[in-house]
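Heads up: the structure comes next, in structure tokens.
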Ligand code: 13P
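If you want it as structure tokens, here you go:
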């Protein structure tokens, strides 16, 4: 059966020392605790190796927030999936709306990134979600479906089975305006139905679909109580253990 996952996305926050400190604090908080979900933290690239060495990786999975769409070579400033994997990180967030919007990531480049991540043994946490205008004009289901189709639906069933999805309505990210539990469930159920049609019930039932967008200690329990919401991708509230732990413990 699919896993529950609470993943933090630190985005471009915390210098190296602050990041190590936060990772150690979280590690300490989880030490003698049994929690009912997998815990992941998504750090900037330069933090990965140090954070991997600062936590019990059986309890905390470490994730990058991006990787290159090329294998290796003359691509100044890029970080490959193989490099991410060589740090001991196990996940990579791909297709975040901030990367789609600000760095012009396209469905085609994302397709390459997903393939390279999988080829290097990383679990992609693949983000999808509509902007406000698309929701208001009733296009949100089509938008999300086409984002999934365009970057993921050429994967073999075995490879698709390794993907984690994160539904992040863009209008809810960093705005304090969370999707209601009903809106989240409605979209997650639609996503799962889309997966059933393409890959069949077993793979669809085993795919974790996380919700992201102003999730916090106050709303996590209600969001996670939905049958198709398998956890969260948490931005702002992952930057302090006091705010992140209650979300983990919402399961
Ligand atoms: P916030 O939780 O800060 O809204 O960010 C969500 C997000 O974008 C996680 O990837």
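In the working numbering, the protein residues as written are 74 to 324.
Each residue gets a CB set at the ideal place from its N, CA and C atoms; glycine is no exception.
Cα-Cα separation, residue i to residue j
i, j, result
"residue 239", "residue 203", "12 angstroms"
"residue 316", "residue 310", "5 angstroms"
"residue 280", "residue 150", "33 angstroms"
"residue 266", "residue 236", "16 angstroms"
"residue 261", "residue 93", "34 angstroms"
"residue 325", "residue 318", "Given a span of 74 to 324 for the chain in the structure shown, any question on residue 325 remains unanswerable."
"residue 132", "residue 194", "18 angstroms"
"residue 273", "residue 306", "25 angstroms"
"residue 234", "residue 199", "12 angstroms"
"residue 325", "residue 147", "Since the first residue shown for the chain is 74 and the last is 324, residue 325 is missing from the structure and cannot be characterised."
One or two residues paired with residue i in a DSSP bridge
i, result
"residue 82", "115"
"residue 239", "200, 283"
"residue 175", "Paired residue(s): none; residue 175 is not in a bridge."
"residue 164", "136, 196"
"residue 304", "78"
Chain-order list of residues whose beta-carbon lies under 8 angstroms from that of residue i (same chain, five-residue window excluded)
i, result
"residue 110", "76, 77, 78, 79, 304, 321, 324"
Same chain, Cβ closer than 6 angstroms to residue i, neighbours up to 5 away in sequence not counted
i, result
"residue 145", "153"
"residue 302", "257, 261, 284, 296"
Cβ distance (whole Å) where residue i is taken to contact residue j below 8 angstroms
i, j, result
"residue 182", "residue 125", "Incorrect: roughly 26 angstroms between the Cβ atoms, too far for contact."
"residue 241", "residue 298", "Not a contact, Cβ separation roughly 19 angstroms."
"residue 217", "residue 264", "7 angstroms"
Minimum C-alpha distance to residue i - residue among the options
i, options, result
"residue 101", "83, 129, 215, 169", "129"
"residue 201", "192, 172, 228", "172"
"residue 81", "95, 290, 113, 220", "113"
"residue 88", "108, 314, 188, 119", "119"
"residue 277", "252, 231, 136", "231"
"residue 104", "123, 117, 85, 127", "127"
is_contact[residue i, chain B] using C-beta, thresh 8 angstroms
i, result
"residue 78", "Among the chains of the structure shown, chain B does not appear; only one protein chain is present."
Sequence-distant residues of its chain with Cβ nearer than 7 angstroms to residue i (five each side left out)
i, result
"residue 190", "140, 154, 165, 167, 197"
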